[in-house]
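In the working numbering, the protein residues as written are 302 to 416.
Cβ coordinates follow ideal geometry from the N, Cα and C atoms, glycine included.
Report on one structure; see the data block that follows.
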């Protein structure tokens with residue numbers, strides 16, 4: 302955990318959030334500025350700054366994170382209609398909080414190209 306990371310503080314309960322899923326490896330919570338009817342952020346509980354910082358030591362955690370996506374989509378009622386999973390990385394990628402996180406977006410038709 303990083304002391305000044307808002308997502309680390311959400312994972313530990315220091316900052317309240319609308320948690321939709323949590324286990325020993327990952328936490329999912331509703332985005333405070335949703336960009337779709339369903340907008341859930343999914344983070345590893347361990348602080349990883351971005352996809353650019355991922356290495357083989359993170360493989361188990363990231364594999365678990367990906368397996369949780371479908372569970373969240375199911376519980377949020379967007380598994381059948383479809384959803385988008387977005388990971389922003391770095392300034393040009395639009396990353397605002399430097400803790401690896403995926404945006405699970407659904408509940409409406411998504412446009413293409415995104416961005």
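Please list the terminal residues of the continuous alpha helix (DSSP H) segment that includes residue i.
i: residue 360; result: 360 to 376
For a test of the three-state rule: what should DSSP assign to residue i, helix, strand or coil?
i: residue 401; result: coil
i: residue 313; result: helix
i: residue 354; result: helix
i: residue 388; result: coil
Flag this pair as yes or no: are the beta carbons of residue i and residue j separated by less than 8 Å?
i: residue 402; j: residue 343; result: yes
i: residue 406; j: residue 339; result: yes
Using only the alpha-carbon positions, how far apart do residue i and residue j sit?
i: residue 310; j: residue 302; result: 8 Å
i: residue 354; j: residue 360; result: 12 Å
i: residue 413; j: residue 385; result: 11 Å
i: residue 394; j: residue 415; result: 12 Å
i: residue 381; j: residue 316; result: 32 Å
Could you tell me the boundaries of the beta strand (DSSP E) in which residue i lies?
i: residue 329; result: 327 to 331
i: residue 323; result: 320 to 323
i: residue 345; result: 339 to 345
Inset, instruction - Give a yes or no on contact between the region 325 to 338 and the region 355 to 373, applying the rule of three or more CB pairs nearer than 8 Å. - result: Touching, per the Cβ criterion.
Legend entry - the region 335 to 354 / the region 366 to 381 touching (three or more Cβ pairs under 8 Å): The region 335 to 354 vs the region 366 to 381: in contact.
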